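Here's the structure, in structure tokens; my notes come after.
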Amino acid sequence: MKKEIVVLFCFMCVLLQAQTTVHLKDKESKMPVAYANIWKAQSLYRTADSSGVFSVDAKDRANYFKITCVGYHDTIAKITDEIYLRPNKIDLDEVKLVKRKFAKTVKLGKAKRGDSHYGVQWDTKIAMTAKYFPNNSNQGKYLGKAKFFTTTTAKNRLISVSIYSVGNDGKPNEILNTEHLIYKLKKGTNEVEADLNFLNIEFPDNGIFIIIQHPLLEQNKSYSKNSNHPNGFFYEPLISIDKTKEFTDSWYFQEEWKQSLGYSLNIELLLSD
Numbered sequence: 003m004k005k006e007i008v009v010l011f012c013f014m015c016v017l018l019q020a021q022t023t024v025h026l027k028d029k030e031s032k033m034p035v036a037y038a039n040i041w042k043a044q045s046l047y048r049t050a051d052s053s054g055v056f057s058v059d060a061k062d063r064a065n066y067f068k069i070t071c072v073g074y075h076d077t078i079a080k081i082t083d084e085i086y087l088r089p090n091k092i093d094l095d096e097v098k099l100v101k102r103k104f105a106k107t108v109k110l111g112k113a114k115r116g117d118s119h120y121g122v123q124w125d126t127k128i129a130m131t132a133k134y135f136p137n138n139s140n141q142g143k144y145l146g147k148a149k150f151f152t153t154t155t156a157k158n159r160l161i162s163v164s165i166y167s168v169g170n171d172g173k174p175n176e177i178l179n180t181e182h183l184i185y186k187l188k189k190g191t192n193e194v195e196a197d198l199n200f201l202n203i204e205f206p207d208n209g210i211f212i213i214i215q216h217p218l219l220e221q222n223k224s225y226s227k228n229s230n231h232p233n234g235f236f237y238e239p240l241i242s243i244d245k246t247k248e249f250t251d252s253w254y255f256q257e258e259w260k261q262s263l264g265y266s267l268n269i270e271l272l273l274s275d
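Quick note, the sequence shown lines up with residues 3 to 275 if you use the working numbering.
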């Protein structure tokens, strides 16, 4: 028994030495920056936790990483104990004040449990998916709510929602929300309701993308009970989709945005005046 404990302890020490912990902080306030995305080349590598902390494998320490976060300028950096992000301040003349009526609601798409689900595999090739909502003569409307169903095997899983404009090539282009939209989920199958009203985003003439991203965090990992492999896990939650035989409206990010030929995200978008 003593030998087993010593071996286990040594193994744990090796694991601890194999990673570098990084703290992300605001360059001005020096406060932690939560839920930033860390990119290696063109692939999502990690997500910082609620305290702005993430870890880097020993083999990756010498690489440059791109760090993106809502409300901050993109940063290219090598790994150090602390990395500072520069706030992306909005000029006052960019702020648009509107008086909403909330008298009329238009529903696009449908939130349903669907016939299939997807999670994110351990090597994180695909962690961001998107659904396109065209503007069919709904000018003057504002984004109200986005709804979809998730399934989890444990409580406190997290999911991130973003809003992207449509580029000239028809792909997701620029992020439009200026605040994090992170949702903590209940165990089981539940409907997520992302309230977008406070953002006062007008529905563009060429439509909008609703983006779902799995934060690559330890608390989102679901480990296989039948596997001893260190990568025997995937990231929850499972997202409701319908299978298709051709492209309809959904996209996935794998080094670049690509059309999905096999599924459609079951997302409902509510618009209001």
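Cβ coordinates follow ideal geometry from the N, Cα and C atoms, glycine included. Predicted, not measured: the structure shown is a model, and the values here were computed from it.
Would you kindly report the start and end of the unbroken beta strand (DSSP E) that includes residue i?
i, result
"residue 237", "235–245"
"residue 119", "118–123"
"residue 72", "It is not in any beta strand (DSSP E) - residue 72 carries neither H nor E in the DSSP assignment."
"residue 186", "184–187"
"residue 49", "45–49"
"residue 251", "First-last for residue 251: undefined, no H or E at that position."
"residue 224", "223–225"
"residue 340", "Outside the modelled stretch of the chain, which goes from 3 to 275, sits residue 340, for which no answer is possible."
"residue 2", "There is simply no residue 2 to check, as the chain begins at 3 and stops at 275 in what is shown."
"residue 108", "107–111"
"residue 165", "159–168"
"residue 86", "84–87"
"residue 192", "190–197"
"residue 274", "270–274"
"residue 147", "144–154"
"residue 202", "That residue, residue 202, is in no beta strand (DSSP E); it is neither H nor E in DSSP."
"residue 138", "Where residue 138 is concerned, there is no enclosing beta strand (DSSP E), given that its DSSP letter is neither H nor E."
"residue 37", "Where residue 37 is concerned, there is no enclosing beta strand (DSSP E), given that its DSSP letter is neither H nor E."
"residue 32", "No beta strand (DSSP E) contains residue 32, which DSSP labels as neither H nor E."
Can the beta-carbon of residue i be found closer than 9 angstroms to that of residue j?
i, j, result
"residue 179", "residue 147", "no"
"residue 74", "residue 89", "yes"
"residue 210", "residue 135", "yes"
"residue 126", "residue 47", "yes"
"residue 269", "residue 109", "no"
"residue 69", "residue 145", "no"
"residue 275", "residue 102", "yes"
"residue 85", "residue 27", "yes"
"residue 22", "residue 273", "no"
Got a sec? Which residues, its chain only, sit under 8 angstroms from residue i by beta carbon, not counting five neighbours each side?
i, result
"residue 128", "122, 254, 255 and 256"
"residue 187", "152, 154, 157, 158, 159, 160, 161, 194 and 239"
"residue 189", "154, 155, 156 and 157"
"residue 57", "21, 22, 23, 24 and 48"
"residue 41", "47, 67, 68, 69 and 70"
"residue 76", "68, 69 and 70"
"residue 35", "26, 27, 28, 50, 54, 71, 74 and 87"
"residue 218", "46, 47, 48, 49, 122, 126, 129 and 237"
According to the neighbour-count rule (16 or more other Cβ atoms, all chains shown, within 10 Å of its Cβ), is residue i buried or exposed?
i, result
"residue 87", "buried"
"residue 33", "exposed"
"residue 78", "exposed"
"residue 249", "exposed"
"residue 113", "buried"
"residue 51", "buried"
"residue 60", "exposed"
"residue 31", "exposed"
"residue 196", "buried"
"residue 169", "exposed"
"residue 53", "exposed"
"residue 263", "exposed"
"residue 192", "exposed"
"residue 39", "buried"
Return the chain-ordered list of same chain residues with a C-beta closer than 7 angstroms to the C-beta of residue i, the five sequence neighbours on each side being excluded.
i, result
"residue 222", "159, 160, 216, 237 and 238"
"residue 11", "At residue 11, the pLDDT of 38 sits below 50, so the modelled position is not reliable; the number obtained from the coordinates is stated separately. Answer for residue 11: no residue qualifies."
"residue 251", "133, 134 and 266"
"residue 124", "233, 235 and 236"
"residue 261", "249 and 253"
"residue 205", "137, 140, 143, 144, 145 and 273"
"residue 164", "177, 179, 183, 213 and 215"
"residue 227", "none"
Which same chain residues end up closer than 6 angstroms to residue i when comparing Cβ atoms and leaving out the 5 residues on each side of it in sequence?
i, result
"residue 174", "132, 166, 211 and 259"
"residue 182", "37 and 72"
"residue 94", "Here residue 94 scores only 46 on pLDDT, less than 50, and its place in the model is too uncertain to base an answer on."
"residue 176", "167"
"residue 62", "none"
"residue 111", "269, 270 and 271"
Looking at chain D, is there any beta carbon in it that lies within less than 9 angstroms of the beta carbon of residue i?
i, result
"residue 21", "This model lacks chain D altogether, as it is built from one protein chain only."
Say whether the segment 242–257 touches the segment 110–120, bearing in mind that this needs 3 or more beta-carbon pairs closer than 8 angstroms, one atom from each stretch.
yes
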